[in-house]
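Participant:
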Amino acid sequence: MPGVRGPSDYSQEPPRHPSLRINSKACLFPLHHISFFAYLFPRFVVIIIVYDKYGDGFAQDVQPFNAEPHRSDLVHSYVTPVDLFYKRNHGPIPVVDDIERYSVSISGLVENPRRLSMKDIRMLPKDDVTATLQCAGNRRTAMSKTRTVKGVGWDVSALGNAVWGGAKLADVLELVGIPKLASSTKSGGKHVEFVSVDRCKEENGGPYKASIPLAQATNPQADVLLAYEMNGELLNRDHGYPLRVVVPGVIGARSVKWLDSINVIAEECQGFFMQKDYKMFPPSVNWDNINWSTRKPQMDFPVQSAICSLEDVNVVKPGKVTVRGYAVSGGGRGIERVDVSVDGGKTWVEASRYQKIGTPYIADDASSDKWAWVLFETTVDVSNNFDIVAKAVDSAANVQPENVEDIWNLRGILNTSWHKVQVRVGRSNM
Ligand SMILES: Nc1nc2c(c(=O)[nH]1)N[C@H]1C(S)=C(S)[C@@H](COP(=O)(O)O)O[C@H]1N2
Ligand SMILES: [Mo]
């Protein structure tokens with residue numbers, strides 16, 4: 001691929017913000033084995049973790065780089081700063097050797113296959129879309145507490161809200177002869193596959209790839225972008241420099257970074273991350289009876305919210321406590337409201353929205369939060385120990401489920417259960 005390459009090791013990673021929390025793969029090895037080992041031979045386990053640093057991960061896999069900001073940093077700003085934005089990778093970060101030579105090929109079931117340089121893409125009308133990108137694994141750690149799941153452990157911050165700048169995919173596809181709102185091409189293309197250059201273990205060293213339906217790709221209202229900017233700056237290496245796909249309202253896995261080629265194909269992409277990962281299974285499916293082909297790849301994400309001004313367990317002084325967090329829904333469904341409860345869900349109050357701390361929420365226009373989160377805030381009075389709970393309602397009146405058990409799935413995706421934090425009142429003489 002001209003100009004951009006995917007390294008095979010982690011010696012050329014970009015610098016990262018020191019406050020990010022680095023997450024590792026939970027449970028490459030069944031957790032109870034490790035804890036049993038740790039119980040019997042605590043020193044032995046420490047030695048293995050240290051010596052296995054560059055191996056496949058007995059207990060911890062330190063690479064690829066996966067990290068999220070602290071909860072309180074996340075809700076500090078409506079637009080997430082680039083350096084605090086979560087980072088989710090499946091291999092080493094690609095290197096751009098020569099941006100002048102970089103181009104994206106568009107081929108497959110199209111009339112006029114083409115290669116587009118960055119200059120060609122920048123010549124198309126530039127769109128700025130405010131969209132929240134959320135990893136399907138957000139809040140996985142909490143799901144794993146009911147029953148172990150496989151995957152990178154995330155707290156509640158595997159998402160961020162950015163202003164993505166770039167060309168609309170619908171405009172790009174017109175350059176190869178596919179009209180707007182087309183759901184198939186003359187030669188039978190129905191899906192648009194995005195292929196990267198990073199080398200992923202799951203693809204046996206091949207690149208990350210994913211696809212979306214052609215009807216979504218050619219729909220200007222779906223706002224799918226080939227983005228070269230994030231928050232008004234040139235996209236950085238961690239987030240896909242020089243060019244990435246942004247599919248608003250859809251799990252982050254489909255927003256392919258470091259784009260190399262676009263293929264118009266008849267069936268959805270057959271890559272690992274579409275076929276053997278990022279699918280939602282019912283709680284009855286386990287690793288012994290799983291049949292991946294029975295489910296479709298997950299696309300839109302459901303309604304989600306989390307409290308970010310408090311940790312899981314908090315000791316506070318009696319008096320007023322501010323509760324802040326985010327709420328977001330997929331598929332272009334905005335947030336209708338956020339309910340907060342201080343009695344574990346018996347009674348609820350509606351939280352207010354804000355864009356900056358202390359400034360109430362002002363939407364620019366009716367569709368401005370179609371793809372973006374809302375930040376919410378409310379103040380509660382604390383005199384006794386209690387659980388604070390948040391749940392959001394989207395524009396289609398979908399509500400988060402109460403219990404994580406009901407949506408438990410073996411890959412630990414889409415934990416959208418009511419988010420709870422425990423507040424314990426501590427008095428100064430305690
Ligand atoms: N090429 C490539 N694209 C990728 C990934 C990847 O590992 N390689 N990870 C995907 C996943 S699972 C998510 S959640 C988002 C994360 O984007 P971010 O790192 O910019 O936050 O990128 C997606 N695109
Ligand atoms: Mo993800």
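Following the UniProt record's numbering, the numbering of the sequence shown begins with 1 at its first residue and continues without gaps. For every residue, glycine included, the Cβ atom is placed at its ideal position computed from N, Cα and C.
1. Considering only the alpha carbon of each residue, which of W154, T347 and W258 lies closest to P7?
2. Counting Cβ pairs closer than 8 Å, one from the stretch 151 to 166 and one from the stretch 199 to 211, do we hit at least three?
3. So, are the CB atoms of P242 and V129 less than 8 Å apart?
4. Can you tell me whether N89 is buried or exposed, with buried defined as 16 or more other CB within 10 angstroms of its CB?
5. Only counting the same chain, and skipping five residues up and downstream in sequence, which positions put a Cβ closer than 7 Å to that of P101?
6. Q275 by DSSP, collapsed to three states: which one?
7. Between V264, S305 and N403, which has its C-alpha nearest residue 432's C-alpha?
8. Starting from M143 and walking both ways along the alpha helix (DSSP H), at which residues does that stretch end?
9. Beta carbon of N314, beta carbon of A142: below 8 Å?
10. Just mark I106 as buried or exposed, buried being the case when its beta carbon has 16 or more other beta carbons within 10 Å.
11. Determine, using beta carbons only, whether E111 and V192 come nearer to each other than 8 Å.
12. Excluding the five sequence neighbours on either side, which residues of its own chain have a C-beta within less than 7 Å of the C-beta of L226, listed in chain order?
13. Tell me the start and end of each unbroken alpha helix (DSSP H) in the stretch 69 to 139 that is at least 4 residues and wholly inside, in chain order.
14. Around the C-beta of T80, are 16 or more other C-beta atoms found within 10 angstroms, so that it is buried, or is it exposed?
15. Let me confirm a value: R71 is counted as buried when at least 16 other C-beta atoms fall within 10 Å, else exposed. Which label applies?
16. With a threshold of 16 other CB atoms inside 10 Å of the CB of V91, please say whether the residue is buried or exposed.
17. Please report how far the alpha carbon of V149 lies from the alpha carbon of F281, in whole angstroms.
18. With a threshold of 7 Å on Cβ separation, who are the neighbours of R5 within its own chain once the five nearest residues in sequence on each side are excluded?
19. In chain order, which continuous runs of the alpha helix (DSSP H) of length 4 or greater are located wholly inside the stretch 186 to 227?
20. Mind checking which residues open and close the alpha helix (DSSP H) that includes A170?
21. Have a look at A351 and G206 and give me their C-alpha separation to the nearest angstrom.
22. Assuming K391 is part of the beta strand (DSSP E), what are its boundary residues?
23. Going by DSSP, what residue range makes up the beta strand (DSSP E) through S329?
24. Using the beta-carbon count (16 or more within 10 Å), is N409 buried or exposed?
25. Could you give the distance in angstroms between the alpha-carbon of D406 and the alpha-carbon of S187?
26. When we look at the beta-carbon of G240 and count the other beta-carbons within 10 Å, is it buried (16 or more) or exposed?
27. I need the straight-line Cα distance from K356 to W292, nearest angstrom please.
28. State buried or exposed for W164, treating a residue as buried only when at least 16 other CB atoms are found within 10 Å of its CB.
29. With 16 other CB atoms within 10 Å as the buried threshold, where does D343 fall?
30. At the level of alpha carbons, what is the spacing between N385 and N204?
31. Q221: buried (16+ other C-beta within 10 angstroms of its C-beta) or exposed?
32. Taking all protein chains shown into account, do 16 or more other C-beta atoms lie within 10 angstroms of the C-beta of N66, making it buried, or fewer, making it exposed?
33. Which residue's Cα is closest to the Cα of R21: S11, E13, L74 and Y10?
34. Heavy atom of ligand 2 less than 7 Å from the Cβ of C135, yes or no?
35. Taking 8 Å as the cut-off, decide whether the C-beta atoms of V389 and T146 are in contact.
36. Tell me which residue opens and which closes the beta strand (DSSP E) that R353 is part of.
Facilitator: Checking against the coordinates, here is how it stands:
1. W258
2. no
3. no
4. buried
5. As written in the sequence, residue 101 is Arg, which differs from the Pro given in the question. Cβ within range, chain order: P2 and G3.
6. helix
7. The structure shown does not extend to residue 432, since the chain is modelled only from 1 through 430, so no value can be given for it.
8. R140 to T146
9. no
10. buried
11. no
12. I121, G166, A167, L169, V172, L243, V245 and L259
13. 71 to 74 and 118 to 123
14. buried
15. buried
16. A small correction: the amino acid at residue 91 is Gly; Val does not occupy that position in the sequence shown. Buried, by the Cβ-count rule.
17. 12 Å
18. P94, V95, D97 and V197
19. 214 to 217
20. L169 to E174
21. 46 Å
22. F386 to D394
23. Segment: none, S329 is in no beta strand (DSSP E) and carries neither H nor E.
24. buried
25. 43 Å
26. buried
27. 43 Å
28. buried
29. exposed
30. 51 Å
31. exposed
32. buried
33. L74
34. yes
35. no
36. S352 to K356
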